[in-house]
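Below you'll find the structure, written out as structure tokens, and then a few comments.
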Amino acid sequence: MPVERLADELARGLDAPICLTWELTYGCNLSCVHCLSSSGLRDPEELTTREAMGLVDELAAMQVFYVNIGGGEPTLRPDFAELVSYAVSRQVGVKFSTNGTTMTRARARRYAAMDYVDIQISLDGASPASNDPVRGEGTYAMAVLAMERLADAGFGPFKVSVVVTRANAGELDQMLALTRRFGAELRVTRLRPSGRGAAVWNELRPTAEQLRDTHLFLTDHAEVLTGDSFFHLGPLGDQPLAGLNLCGAGRVVCLIDPVGDVYACPFVMHPDFKAGSIREPGGFAAVWRDSALLTGLREPVTGGACNACASFGACHGGCMAAKFFTGLPMDGPDPECVLGHGEKALVMAGGSQAPASVGPGHAKPGRPVPVAFGTRRPARAR
Amino acid sequence: MGCAASTEPGFDPARPYELHPDVALRPEPFGALAYHYGNRRLTFLRSPELVQLVTELGDHESVAASMAALGVATERRPALERALASLAKSEVVRPRSDGAVRAG
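Chains as they are written, first to last, in our numbering: chain P, 116 to 497; chain R, -18 to 85.
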């Protein structure tokens, strides 16, 4: 199969990432319970405007066609508009994720006028009842207002990005209807036990039945985007889900954090998966090409405990980050293995209650840098 | 659906084509990645031969002429034509309406 051969080629890694996430700031005016980057306060060491532009120059030279900008809430950076314009002018397209709280009508019009800019509004439920406990009180209304403003400004098909949880897994049809109402596209991703998500993963992760329904939903709606999030559900179907269906960490994917540290993927912001810093000599290109961590991830994967499983070819052992933060071995099953091997492994690892590690936190005391605006304090979730 | 008057005729190797101006190619060990800044689609060009062909389409009066100029073996041509037809569908390459050969 040609598809299989392509996956093999990608598994050896590319000369530059095709899916690069750049978290622009740890500052955020919300404090979602599942935040992958444990965001809250800006880090005093965040890249300066000049450094950020230098990074854009480097990405342009490597022909990184677009970056996925996130945070934190990236639009809170005072130089956000300047950086987006600069990236686009260097042929580095921008897709940014926002909680929508800063989406004024004027900003929506400005975004609509820009080429090569895509927007993702984060929303984690089809109603305040399911969304607000996760993202904060009033956040459903604000996200929908942002969607209205983008649609009114004629932005075109922006994306609505949903983390599938136990609370919203039953609402995927409603979420799809909601996004269509605004001419938007639905994107669903997997809840990961990373960052603050580690603390809520066990109570918020979808049930086995919900995972089966999610797989059905994705099979029925090929137009729903997933960022290749659900390849661990592959063994539930005869056909692979749309996408590359492999762990892209270090091969086609990586993350640059607000202080310029490079991690193997957006879900493993942990010292064990830090590949280097763009501030070191050689910059990002040297980290991508030469870091021992990233080159190691391009080595062939062995199935370990999964070798004997007939479905290994469909899921490739699942998500590295999900295993790591639940204390499971890297060459064993994904904690949400659809054949139930993960549950058994979790019990053996004793990790089903207390995930092994959490990522670096910026919702912490010491050297706080207040965010520029949006000081409304979100209500605690529970 | 009866698309007799379609404005998107099927791929025809006798006609002139070119790399779409919104597409950027990035060399990779297996060939190249093509990114279309308009429709945001990423496409894999999976042989160096195909990459060279796509790059030089604009220099020749037809796809067939491009292949001849590159010295593509006859038995390789059908596979490359299929690949180009697929690339035309995803707008990585497009027909040149005037048939003019690119200057310079």
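Ideal Cβ positions, reconstructed from N, Cα and C, are used throughout, including at glycine.
If you draw a straight line from the C-alpha of residue i to the C-alpha of residue j, how long is it?
| i | j | result |
| --- | --- | --- |
| P:Asp239 | P:Arg224 | 25 Å |
| P:Ser426 | P:Cys362 | 15 Å |
| R:Ala45 | R:Asp(-7) | 9 Å |
| P:Ala227 | R:Gly19 | 14 Å |
| P:Ser472 | P:Phe440 | Summary for P:Ser472: the model assigns pLDDT 48, below 50, so the residue's position carries little reliability; its value from the coordinates is reported in the next sentence. Approximately 5 Å, taken between the alpha carbons. |
| R:Arg27 | R:Leu6 | 12 Å |
| P:Leu319 | R:Arg(-4) | 57 Å |
| P:Asp130 | P:Ala244 | 45 Å |
| P:Leu443 | P:Pro450 | 7 Å |
| P:Ala122 | P:Gly215 | 35 Å |
| P:Cys336 | P:Glu300 | The sequence given here places His at residue 336 of chain P; Cys does not occur at that position. So the two alpha carbons sit approximately 11 Å from each other. |
| P:Arg296 | P:Leu260 | 13 Å |
| P:Cys147 | R:Ala49 | 60 Å |
| R:Leu31 | P:Trp403 | 27 Å |
| R:Phe25 | P:Gly465 | 43 Å |
| P:Phe399 | R:Thr55 | 44 Å |
| R:Ser67 | P:Cys134 | 23 Å |
| P:Lys438 | P:Thr417 | 15 Å |
| P:Glu197 | P:Asp343 | 30 Å |
| P:Leu265 | P:Leu145 | 21 Å |
| R:Arg77 | P:Thr341 | 35 Å |
| P:Ala401 | R:Arg21 | 27 Å |
| R:Pro59 | P:Glu161 | 53 Å |
| R:Leu51 | P:Val199 | 41 Å |
| P:Asn422 | P:Pro272 | 42 Å |
Find the nearest neighbour of residue i within the set the options, judged by alpha-carbon distance.
| i | options | result |
| --- | --- | --- |
| P:Glu414 | P:Phe388, P:Gly428, P:Gly365 and P:Cys430 | P:Gly365 |
| P:Gln325 | P:Phe345, P:Ala122, P:Met445 and P:Lys459 | P:Phe345 |
| P:Thr329 | P:Leu306, P:Ser237 and P:Leu260 | P:Leu306 |
| P:Ile234 | P:Ser153, P:Gly457 and P:Lys274 | P:Lys274 |
| P:Trp316 | P:Leu151, P:Asn144, P:Gly142 and P:Arg127 | P:Leu151 |
| P:Cys430 | P:Gly253, P:His347 and P:Thr219 | P:His347 |
| P:Val339 | P:Ala323, P:Ser242 and P:Ala292 | P:Ala292 |
| P:Pro149 | P:Val453, P:Arg311, P:Gly457 and P:Ala401 | Sequence check: residue 149 of chain P is His here, not Pro. Out of P:Val453, P:Arg311, P:Gly457 and P:Ala401, P:Arg311 has the C-alpha closest to the C-alpha of P:His149. |
| P:Lys389 | P:Phe399, P:Ala400, P:Glu263 and P:Asp376 | P:Asp376 |
| P:Val453 | P:Met445, P:Gly433 and P:Met463 | P:Gly433 |
| R:Arg38 | R:Glu62, R:Gly(-9) and R:Glu9 | Here the sequence assigns Leu to residue 38 of chain R, which means Arg is not the residue at that position. Of R:Glu62, R:Gly(-9) and R:Glu9, the residue nearest in Cα terms is R:Glu62. |
| P:Gly185 | P:Asp372, P:Ala266 and P:Gln289 | P:Asp372 |
| R:Ala64 | R:Glu(-1), R:Val35 and R:Pro8 | R:Val35 |
| P:Ala258 | P:Ser237, P:Pro272 and P:Gly271 | P:Ser237 |
| R:Glu(-1) | R:Pro10, R:Glu42 and R:Leu23 | R:Glu42 |
| P:Gly349 | P:Ala167, P:Ala221 and P:Gly428 | P:Gly428 |
Among residues of its own chain, excluding the 5 on either side of residue i, which ones have a beta-carbon nearer than 8 Å to its beta-carbon?
| i | result |
| --- | --- |
| P:Leu125 | Leu359, Leu361, Gly363, Arg366 and Val367 |
| P:Thr334 | Gly352, Gln354 and Leu356 |
| P:Asp107 | Residue coverage of chain P in this structure runs from 116 to 497, which leaves residue 107 of chain P outside it and unanswerable. |
| P:Arg127 | Arg366 and Arg413 |
| P:Pro189 | Glu138, Leu139, Thr140, Phe195, Phe211, Ser212 and Thr213 |
| P:Gly269 | Ala227 |
On the DSSP letters alone, give me the boundaries of the beta strand (DSSP E) that residue i sits inside.
| i | result |
| --- | --- |
| P:Thr136 | Cys134 to Glu138 |
| R:Arg7 | Val4 to Glu9 |
| P:Cys380 | Taken as a continuous stretch (DSSP letters only), P:Cys380 belongs to no beta strand (DSSP E), as it is neither H nor E. |
| P:Asp239 | Per DSSP, P:Asp239 belongs to no beta strand (DSSP E) and is neither H nor E. |
| R:Glu(-1) | Tyr(-2) to Leu0 |
| P:Val368 | Val368 to Ile371 |
| P:Phe211 | Gly208 to Thr213 |
| P:Asn183 | Tyr181 to Gly185 |
In terms of residues, what are the limits of the alpha helix (DSSP H) holding residue i?
| i | result |
| --- | --- |
| P:Phe399 | Gly398 to Asp405 |
| P:Ser204 | Phe195 to Ser204 |
| P:Ala314 | Gly312 to Leu319 |
| P:Leu291 | Leu287 to Arg296 |
| P:Gly169 | Thr164 to Ala176 |
| R:Ser28 | Premise fails: R:Ser28 is in no alpha helix (DSSP H) and is neither H nor E. |
| R:Ser47 | Val44 to Leu51 |
| P:Pro243 | Pro243 to Arg250 |
| P:Leu301 | Note, P:Leu301: premise wrong, no alpha helix (DSSP H); beta strand (DSSP E) at Glu300 to Arg305. |
Apart from the five residues just before and just after residue i, which ones in its own chain have a Cβ nearer than 6 Å to its Cβ?
| i | result |
| --- | --- |
| P:Leu174 | Val207 |
| P:Asn524 | Residue coverage of chain P in this structure runs from 116 to 497, which leaves residue 524 of chain P outside it and unanswerable. |
| P:Ser467 | Bear in mind that a pLDDT of 47 at P:Ser467, under 50, signals an unreliable position, so the model cannot answer this. |
| P:Ala436 | Arg307, Ser309, Phe382 and Val383 |
| P:Gly142 | Arg157, Gly187, Leu191 and Val486 |
| P:Leu420 | A quick correction: the sequence has Ala, not Leu, at residue 420 of chain P. Within the same chain, P:Ala420 has close Cβ partners Gly447. |
| P:Gln289 | Ala241 |
Spatial neighbours of residue i within its chain, please: C-beta separation below 7 Å, excluding the five flanking residues on both sides.
| i | result |
| --- | --- |
| P:Leu412 | Ala364, Gly365, Arg366 and Ala379 |
| P:Asp387 | none |
| P:Pro321 | Val279, Thr280, Arg281, Ala284 and Thr329 |
| R:His17 | His1, Asp3, Val4, Glu72 and Val73 |
| P:Thr294 | Val275, Glu300 and Leu301 |
| R:Pro29 | Gly12 |
Measure from the C-beta of residue i to each C-beta in chain B and report whether the shortest distance is under 8 Å.
| i | result |
| --- | --- |
| R:Leu31 | Among the chains of the structure shown, chain B does not appear; the protein chains present are P and R. |
Checklist entry - Are three or more beta carbon pairs between the segment 278 to 297 of chain P and the segment 246 to 255 of chain P nearer than 8 Å? => result yes
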